[in-house]
Amino acid sequence: EKIFLNGELISSHEATISVFDRGFLFGDGIYEVMVQLENGLFYKDAHWERLQRNLDKIGIAYDVTEMEAQLDPLLVSSNLTNKPCLIYMQVTRGVAPRKHAFPKDVPPTVMMYALPYTLPHINSKSSHAILRSDNRWLRCDIKSISLLGNVMANERAMEENADEAVLVRDGFITEGSHTNIFFVKSGKVYTHPANQLILDGITRKIVLKLCEDLDIPMMEKAIGVDEIDDMDEAFLTGTTTQIASIAKLGDHIYHTPDAIGPITKKLQQAFADLKN
Ligand code: PDD
């Protein structure tokens with residue numbers, strides 16, 4: 009495997025990072041995940057733009073067009089040109105003695121790799137999600153590499169043989185540990201507003217656009233944990249998740265394994281069409 013690290017394409021066993029890297033010491037960095045399908049990179053511009061926007065938000069001076077230019081050579085050397093794969097990109101604030109304040113004139117650590125990865129068929133599996141309290145910080149709009157709140161919640165889901173942990177803050181559903189969440193009630197679609205309490209997912213945006221195209225009414229409004237039982241359908245969205253119907257959320261059962269709700273199904277179909 010080849011890794012793009014600080015301007016060079018090197019093999020994975022040669023790709024090393026200093027113990028003084030601020031990503032390692034502080035979790036001081038931004039990441040991004042996108043997929044390549046057989047017909048090309050899926051919504052690549054949205055991913056590059058989000059990476060740039062997030063770096064700008066935390067004050068890491070780096071122009072992602074440099075990374076973008078290295079993606080083709082990376083795919084070529086990884087033997088993944090035109091092949092389904094997952095691309096991970098990460099930029100940290102660089103290497104410096106451990107002090108909280110930003111170091112001056114230190115170049116960021118820039119890393120990107122691609123691994124073979126095939127997305128599952130969109131509606132092949134329904135999800136079981138547990139509810140967990142949202143213990144993360146208050147800037148969840150930033151795609152920070154500090155993901156302790158997310159991984160602890162997700163680990164709990166795994167322990168309970170569930171697929172995802174759905175997070176609750178102040179009585180309202182925010183998002184999943186690595187997904188956004190949508191609800192459907194009386195034909196109308198609801199999802200949390202894109203504020204500082206959630207990551208504004210690219211799949212989330214695609215789904216909102218599909219609702220518009222398909223004349224499905226939608227509203228960006230947080231759903232209360234006490235409203236879960238009143239909803240007709242629920243689904244998760246994410247780059248690797250796509251659109252996954254939720255069969256069970258906490259104690260509430262939305263459907264038996266195969267009986268995916270009509271709006272979720274319609275959106276899954278429309279999403280699958282986007283990939284062709
Ligand atoms: N998840 N919310 C959180 C906390 C996430 O980590 C992610 C991304 C999403 C969905 O965002 P998008 O649709 O842009 O992937 C929401 C990882 C990267 C994933 O699903 O693969």
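Okay, so the sequence shown: first residue is 9 according to UniProt numbering, each after it adds one. A virtual CB, placed ideally from N, CA and C, is assigned to each residue, including glycine. A quick note: this is a predicted structure, and the numbers were derived from the prediction, not measured.
Please report the straight-line C-alpha distance between proline 115 and valine 99, rounded to a whole angstrom.
10 Å
Whole angstroms is fine: what's the gap from proline 92's alpha carbon to serine 20's?
20 Å
So, under 8 Å CB-CB, arginine 140 and asparagine 158 are touching, yes? Tell me the CB distance rounded to an integer number of Å.
No, arginine 140 and asparagine 158 are not in contact; Cβ-Cβ is about 10 Å, not under 8 Å.
Roughly how many angstroms lie between the CA atoms of asparagine 87 and tyrosine 125, to the nearest whole one?
13 Å
Candidates Ile138, Glu16, Ser194 and Leu127: closest to methionine 239 by CA position
Ser194
Best match in Val118, Leu79 and Phe32 for proximity to threonine 89 [C-alpha to C-alpha]:
Leu79
Sorted by chain position, which residues of the same chain lie with C-beta nearer than 7 Å to isoleucine 11's C-beta, five sequence neighbours on each side aside?
Ile18, Ser20, Ala23, Met119 and Tyr121
Within the present structure, is the beta-carbon of glutamate 183 separated from the nearest heavy atom of the ligand PDD by less than 7 Å?
yes
Less than 7 Å separating the Cβ of arginine 140 from some heavy atom of the ligand PDD?
no
If you follow the beta strand (DSSP E) that histidine 55 is part of, which residue opens it and which one closes it?
Not the beta strand (DSSP E): histidine 55 falls in the alpha helix (DSSP H), residues 52 to 66.
Could you give the first and the last residue of the continuous alpha helix (DSSP H) run that contains glutamine 277?
270 to 282
Closest by CA to residue 287, which one among Ile68, Ser152, Glu9 and Ala230?
Outside the displayed span of the chain (9 to 284) sits residue 287, for which this structure offers no information.
Between which two residues does the beta strand (DSSP E) carrying serine 135 extend?
135 to 141
Helix, strand or coil for isoleucine 214? Go by DSSP, reduced to three states.
helix
What runs of the alpha helix (DSSP H), each 4 residues or longer, lie entirely inside the stretch 105 to 179?
156 to 167
Would asparagine 62 pass as a contact of serine 253 if the rule is Cβ separation under 8 Å?
no
Beta-carbon separation of valine 43 and leucine 127 under 8 Å?
yes
Same chain only: Cβ atoms within 8 Å of asparagine 169, ignoring 5 sequence neighbours per side
His136
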